[in-house]
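Following: one structure in structure tokens, then a few remarks.
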Amino acid sequence: MDSPTDIATSKCRLCTGSKCCTYVTQALDTPRAMVEFDLLLWQVSHEGVVAYKDEDGWFLLFESRCCHLLPGGQCGIYEQRPAICRDHANDFCEYDAPAEEGFELYFPDYESLDAYCRKRFRRWDRRWQRR
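Letter 126 of the sequence shown, counting from 1, is numbered 126 in our numbering, and no numbers are missing.
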């Protein structure tokens, strides 16, 4: 029988898109106030920056491919890879299902977050008047 390490290694080898190596996420404090959502709106206005909420909280996602990925999707520094890569658990990962399926809220751009803010805050368009 294969060990968990063997299964994880073989699963990574089956993954042709190397999806988990094409972005970085950063946890956020839960935005509550208009000023916090305004900052989030600025962040998602940048190319390759997405915001989402899942069961673990709010996150920014930076779409950025790891510079060590080889053309076939394998890691070019596998034996020297950082600890976060070594510790990555893939018992259920994006090879099994897209991460987006677990998102409660997803804001890939300015327009989607702005629409959410307009529904959430009655006075969204007046947020600058108090400054």
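By construction, the Cβ of each residue, glycine as well, lies at the ideal position given by its N, Cα and C atoms. As the structure is a computational prediction, the values presented were derived from the model and not from experiment.
For residue i, which option in the options has the closest C-alpha, if you only look at C-alpha atoms?
{"i": "residue 45", "options": "21, 72, 110, 25", "result": "110"}
{"i": "residue 124", "options": "36, 82, 108, 23", "result": "36"}
{"i": "residue 150", "options": "71, 72, 86", "result": "Residue coverage of the chain in this structure runs from 1 to 131, which leaves residue 150 outside it and unanswerable."}
{"i": "residue 102", "options": "16, 58, 117, 65", "result": "58"}
Return the CA-CA distance between residue i and residue j, expressed in angstroms with no decimal places.
{"i": "residue 33", "j": "residue 54", "result": "19 angstroms"}
{"i": "residue 89", "j": "residue 18", "result": "14 angstroms"}
{"i": "residue 113", "j": "residue 107", "result": "5 angstroms"}
{"i": "residue 27", "j": "residue 60", "result": "7 angstroms"}
{"i": "residue 22", "j": "residue 104", "result": "21 angstroms"}
{"i": "residue 81", "j": "residue 30", "result": "31 angstroms"}
{"i": "residue 100", "j": "residue 128", "result": "33 angstroms"}
{"i": "residue 14", "j": "residue 63", "result": "22 angstroms"}
{"i": "residue 69", "j": "residue 75", "result": "5 angstroms"}
{"i": "residue 5", "j": "residue 92", "result": "The predicted position of residue 5 is uncertain, since its pLDDT is 48 and thus under 50; no value can be drawn from it."}
{"i": "residue 39", "j": "residue 25", "result": "17 angstroms"}
{"i": "residue 52", "j": "residue 67", "result": "24 angstroms"}
{"i": "residue 83", "j": "residue 120", "result": "40 angstroms"}
{"i": "residue 11", "j": "residue 49", "result": "28 angstroms"}
{"i": "residue 2", "j": "residue 42", "result": "Here the model assigns residue 2 a pLDDT of 42, short of 50, so the residue's position is not dependable and the matter cannot be decided."}
Pull the bridge partners of residue i from the DSSP assignment, please.
{"i": "residue 106", "result": "52"}
{"i": "residue 117", "result": "DSSP, once it has assigned bridges, lists no residue as partnering residue 117."}
{"i": "residue 75", "result": "69"}
Could one say the Cβ of residue i lies closer than 8 angstroms to chain B's Cβ atoms, at least one of them?
{"i": "residue 126", "result": "In the displayed structure, chain B is absent; only one protein chain is listed."}
message: So within the stretch 21 to 70, which uninterrupted beta strand (DSSP E) runs reach at least 3 residues, ignoring any that extend past its ends?
response: If we require 3 residues or more, the beta strand (DSSP E) runs fully inside the stretch 21 to 70 come out as 23 to 28, 49 to 54, 57 to 63.
- prompt: Which full runs of the alpha helix (DSSP H) of 4+ residues lie inside the stretch 80 to 104, going along the chain?
  reply: Those alpha helix (DSSP H) runs which fall completely within the stretch 80 to 104 and span 4+ residues are 83 to 87.
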